[in-house]
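This report concerns only the one structure given below.
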Amino acid sequence: MGELLVHQFRCRADNFGLLLYDPVAKLCASIDTPDGETIWHELDTKGRQLTHIFNTHHHYDHVPGNEMLKERTGCTIVGSKNDAKRIPGIDELMEDGDIYEFGANKITMLETPGHTLGSVCYFVEPDKILFTGDTLFSMGCGRLFEGSAELMWQSMQKIRALPDDTQIYCGHEYTLSNAEFALEVEPDNLALQQRAEEVRSLRRARKDTLPVSLATEKATNPFLRSDSREIQKKFGLEGQAEIKTFSATRALKDQF
Ligand SMILES: [Zn+2]
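Note that the numbering used here gives residue 121 to position 102 of the sequence shown, counting from 1, and the numbers run on in steps of one.
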C-alpha cells in the first residue's frame, strides 16, 4: 500500500463522509459533501486543509456542502462533464478514463451510469482505492433512478475489471440489509454466509462495514455475480445472457 490515508465517518443518517489525505503533498479531498458542517468539523479535528472535492453524482445528499466548503477553503471541485450543470460549484470537468494528478497519485474517473446518468467512480493509484458513491454498495448496487439495467450492468463490468485487492469505499452504510437480500437470492454461497456473519457482528459493535475488497465483493455481491448458477436458477434464467439475471436481481431488490 502507498501513503494515502482515508478517514471515514458518518454524515446525515446513513451517508459516509470520506476524506482522502496525501500527507506528502498535504492534499486533502472530500469525496462528495453529504453534510458541510460535519465535514468541516472533521477537517478541523484532523487539522487538515481541504484542497479538493470529488463528486460522484448530483444527488441532494452528495453535494449539499459543496459551495459552503469551497467558500471557506477555496478548494477545487471535480466532477463529471455529464453532470456539469447539476454539481454546485464545479471547477474541473472530467470524462471517462481521465486522470487527475493528486500529488504523486493518479485518480482515474470511471463513468458508471445507472443510478444516475452522470454517476462516476474514482479509482486511486497506486494505492488501489475505489470510491463508488451510490453505484456499488457492499453486497448491493444503486437504484436505477435515471439509467437502464443495461447501463448499470456495463458499469458493474467496469468495476469487476479492477484489481481484486482494490479497497472499496461507498456512499452509504447499507451493508446489513444488502446482506439479507443477497442471502435471499444465493443462500448456498459460503463466502456470502461468512461475510454476512462478519457484517452482523460489526454492526452489533456499531462499527462500519466498509471498506471492503473487490475480491470479497466478487464473491458475495449478487450484482457482480450474475454468472452464478444459483442466482440464475433462482430466476429460471440458467444459461441465458447474464444481463437478464442482473436485471431480474435489480427488480427483485426494488421490492425487497
Ligand atoms: Zn444517489
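Just so it is clear, CB atoms sit at the ideal spot from N, CA and C, and this is done for glycine as well.
Own chain, CB closer than 8 Å to residue i, minus 5 neighbours either side, in chain order
i	result
Q259	Q251
Y188	V25, Q27, F35, L37, I50, I148, L149, F150, T151, L229, P230
A10	In the structure displayed, the chain extends from 20 to 275; residue 10 sits before or after that span and is not available.
E111	T95, I96, V97, G98, Y119
S232	D183, D184, T185, Q186, I187
D33	H191, E192, Y193
A44	F121, G122, A123
K237	R179, D183, L243, R244
Start-to-end residues for the beta strand (DSSP E) that takes in residue i
i	result
S99	95-99
D41	34-41
I106	Looking at the DSSP string, I106 is not in any beta strand (DSSP E), and its letter there is neither H nor E.
N124	124-130
S284	The chain is shown only over 20 to 275; residue 284 falls outside these bounds and no answer can be derived.
F121	118-121
F254	Element bounds for F254: n/a, residue is neither H nor E.
F73	71-73
Chain-order list of residues whose beta-carbon lies under 7 Å from that of residue i (same chain, five-residue window excluded)
i	result
T57	C30, G36
L46	T70, H71, F121, G122
R105	H77, G137
M20	Here the model assigns M20 a pLDDT of 44, short of 50, so the residue's position is not dependable, and the following value carries that caveat. Correct list, in chain order: D146.
Run of the alpha helix (DSSP H) containing residue i, from where it starts to where it stops
i	result
H60	55-65
R29	Taken as a continuous stretch (DSSP letters only), R29 belongs to no alpha helix (DSSP H), being part of the beta strand (DSSP E) at 24-30.
K237	233-239
E261	261-274
V218	209-223
T228	Note, T228: premise wrong, no alpha helix (DSSP H); not H, not E.
E90	85-92
Cβ-based neighbour list, residue i, same chain, cut-off 6 Å, excluding 5 preceding and 5 following
i	result
L62	L69
L221	T228
S245	E261, T264, F265
T92	L69
Q212	none
I126	Y119, Y141, V143
D102	H77, G137
A201	M158, L211, P241
E114	K100
Closer than 8 Å: residue i CB and nearest ligand 2 heavy atom
i	result
L38	Looking at this structure, you won't find ligand 2 anywhere; what it does contain is ligand 1.
Anticipated Cβ contact below 8 Å, residue i with residue j, distance rounded
i	j	result
P107	V82	6 Å
F156	N197	6 Å
L88	I72	7 Å
E192	D153	Rounded, the Cβ-Cβ distance is 12 Å, inconsistent with contact.
H134	G159	H134 to G159, Cβ: 11 Å. No contact.
G137	H76	6 Å
V204	T268	6 Å
L243	R179	6 Å
Worksheet entry | Every unbroken alpha helix (DSSP H) inside the stretch 132-204 [4 residues or more] | 168-179, 194-204
Discussion item. Can you tell me which residues fall inside 5 Å of ligand 1, judged by beta-carbon distance to its nearest heavy atom, and keep chain order?
Written reply: H78, D153
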